[in-house]
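With the numbering used here, letter number 255 in the sequence shown gets 263, and the count goes up by one each step, no holes. The beta-carbon is built from N, C-alpha and C at its ideal position, and this holds for glycine as well. In what follows, a structure is listed as structure tokens, so that the remarks can point back to it.
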Amino acid sequence: MCQRSVLDEVKEFTPCLAVDPALLRRANNKKYTGLHRCCTHCTPSSKSKNTGDIPGMCGLVDILRLEGGKFRRLPYRLVPYLSFVVQQPMTCQRDHHKATLSSSRVQEAITKCASDADDHGKGGGRKEQEKRAAGIVSAMSSAVYRPLVRLIAWLFFWTFGHMFERLDIQHSHTAMLLQAQERGVPMVFLPSHKSHMDYLIMTFALFSLGIRIPRVAAGDNLRLPFVSWLVTHLGGFFIKRKLDVSDKKDVLYRRCLHEYMEQLLQSGESLEFFLEGSRSRSGKPCTPKAGLLSVVVDTVREGLVEDVLVVPVNISYDRLVETTFVKNELMGGEKRPETLREALKGVWSFITRRVGVVRVDFSQPFSLQEFLSKAVIAKGSLLEMSQVSRRGSTVNLTQSYHRRLVTALSYHIMYDITLCTSLTPTSMVSFLLLNKFRQYGATIDELIDGYLQLERLAELHGR
Numbered sequence: 009m010c011q012r013s014v015l016d017e018v019k020e021f022t023p024c025l026a027v028d029p030a031l032l033r034r035a036n037n038k039k040y041t042g043l044h045r046c047c048t049h050c051t052p053s054s055k056s057k058n059t060g061d062i063p064g065m066c067g068l069v070d071i072l073r074l075e076g077g078k079f080r081r082l083p084y085r086l087v088p089y090l091s092f093v094v095q096q097p098m099t100c101q102r103d104h105h106k107a108t109l110s111s112s113r114v115q116e117a118i119t120k121c122a123s124d125a126d127d128h129g130k131g132g133g134r135k136e137q138e139k140r141a142a143g144i145v146s147a148m149s150s151a152v153y154r155p156l157v158r159l160i161a162w163l164f165f166w167t168f169g170h171m172f173e174r175l176d177i178q179h180s181h182t183a184m185l186l187q188a189q190e191r192g193v194p195m196v197f198l199p200s201h202k203s204h205m206d207y208l209i210m211t212f213a214l215f216s217l218g219i220r221i222p223r224v225a226a227g228d229n230l231r232l233p234f235v236s237w238l239v240t241h242l243g244g245f246f247i248k249r250k251l252d253v254s255d256k257k258d259v260l261y262r263r264c265l266h267e268y269m270e271q272l273l274q275s276g277e278s279l280e281f282f283l284e285g286s287r288s289r290s291g292k293p294c295t296p297k298a299g300l301l302s303v304v305v306d307t308v309r310e311g312l313v314e315d316v317l318v319v320p321v322n323i324s325y326d327r328l329v330e331t332t333f334v335k336n337e338l339m340g341g342e343k344r345p346e347t348l349r350e351a352l353k354g355v356w357s358f359i360t361r362r363v364g365v366v367r368v369d370f371s372q373p374f375s376l377q378e379f380l381s382k383a384v385i386a387k388g389s390l391l392e393m394s395q396v397s398r399r400g401s402t403v404n405l406t407q408s409y410h411r412r413l414v415t416a417l418s419y420h421i422m423y424d425i426t427l428c429t430s431l432t433p434t435s436m437v438s439f440l441l442l443n444k445f446r447q448y449g450a451t452i453d454e455l456i457d458g459y460l461q462l463e464r465l466a467e468l469h470g471r
């Protein structure tokens, strides 16, 4: 199809659209790798690194299907999936329980809380606060038990293979993440959150690609019998969904959480948490909650780690596994707390349903240190962060500037997550039915024609 006919077709679909000729060249470039690059203004140096631009590394790969020629020996050919998970490299990850409790900041928080308790006549003293701190850290401690990870990954090959038609990742994204891992700095994965399956898909995808499994922050609503044991031994750590009690800040809990995350980053381990906090009920991005992100920013700003690579991730589903959103919450019903019975019922529904294709898209990792040094904060006029006073190699910010910086960073990441979203066929058909054909409906032929026009329009914009 010539470019003139494509333009006519697009203008007929959206008359007000002005098509940039560069989009035509991009859409017609067969070597386009589908890489979602980071911001040129905020992180120009990061954009030139970890590009994944390797000859032949383009197109999609289904990580649920192993290459037939990968295993040459007879035992490996008989049990390829088991052989694959056994051979995948995994680094040893230690527990940070003792280091967190013995840190000076946690000890200062214990002393402060004990002093406040004595002033208010509540009693208890330091021993009670030490006992409470030990309970807090013990509740959020986790470890990656490698035999269990390999067993779960082997089971996921069969479970996901039954549930999903494909689990696709771009070749260029795989190369990009492997290049980023070679830099030797921690990575913070920030996925979109549409389903409880996001936890499992991310861990399975990173394990299959040979990326170090991150520690995952999970809400305490998932602290269920057996489920909590499984999560903590796969690298997840539980945190309160509400950190504070009534109107008062829980200083001790906040300090233990901050110190635990800092210990993880200082030891070179990667983190994963959901910037939206809870699952999106509509599929649209939610307003970011930057509490955990501020801990990562503080760790870099105070020089506790040299740098951190931020990796926005989007997970796209043809069809969501959970149906309670449609049946209850989206129809005005109240959100019901998770129970073991509901969890088991959900697992069974996961296994017995087919949900189509799942696509995981990674945005280009960018340096948090670079973002801090290049970020622009509005205060009457634009003020570049490089003009703010420095302390050593770290940026010295007031509390107001710091809060605004973290907020700007969280929205920037949510924009990157949205930008790397894959358009699924179900979402495109839904868009047509709710917009172009909303008033009078459409025949099958009209729906197909509208879909092809929308598909071409998406290609013109590099999606």
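The continuous beta strand (DSSP E) containing Asp70 extends over residues Leu68 to Asp70. Per the C-alpha coordinates, the member of Arg113, Ile456 and Leu328 positioned closest to Val363 is Leu328. Straight across, the Cα-Cα distance linking Cys121 with Ile247 is about 20 Å. Selection Ile452, Lys382 and Ala142 evaluated against Arg263 yields Ala142 as nearest (Cα-Cα).
Rounded to the nearest whole angstrom, the CA to CA distance from Ile118 to Leu265 is 13 Å. Listed as beta-bridge partners of Met195 by DSSP are Leu317.
Between the C-alpha atoms of Thr415 and Ala450 there is a straight-line separation of about 43 Å.
Taking every protein chain shown into account, the CB of Gly244 has 16 or more other CB atoms within 10 angstroms, so this residue is buried. Within the same chain, and ignoring the five residues on either side of Tyr268 in sequence, the residues whose Cβ sits closer than 7 Å to its Cβ are His104, Thr108, Val145 and Met148.
Setting aside the 5 residues that flank it on each side, Gly192 is surrounded in the same chain by Gly276, each with a C-beta closer than 8 Å to its C-beta; the list follows chain order. Rounded to the nearest angstrom, the gap between the Cα atoms of Val319 and Thr307 is 17 Å. Buried is the label assigned to Leu43, since at least 16 other Cβ atoms lie within 10 Å of its Cβ. In the DSSP assignment, Leu272 falls within the alpha helix (DSSP H) that extends over Val259 to Gln274.
Under the three-pair Cβ rule at 8 Å, the segment 295 to 306 does not count as touching the segment 432 to 441. Of all alpha-carbon atoms in Asp424, Leu460 and Ser375, the one lying nearest the alpha-carbon of Ser53 is that of Ser375. Taking the C-beta atoms as reference points, Phe212 is found no nearer than 9 Å to Phe282. When the alpha-carbon of Leu72 is set against those of Asp124, Cys50 and Ala161, the nearest one is in Ala161.
In this structure the segment 182 to 199 does not lie against the segment 230 to 244, because fewer than three pairs of beta carbons, one per stretch, are closer than 8 Å.
Judged by their CB atoms, Met98 and Arg140 are not nearer to each other than the 9 Å cut-off.
Taking C-beta atoms under 8 Å as the contact rule, Val239 and Ala226 qualify, at a distance of about 6 Å. Assignment of beta-bridge partners to Gln178 by DSSP yields Leu68.
Per DSSP, reduced to three states, the secondary structure at Ile247 is strand. Note on geometry: alpha-carbon atoms of Val365 and Glu138 lie some 49 Å from one another. Bridge partners of Glu280 according to DSSP: Phe197 and Val224.
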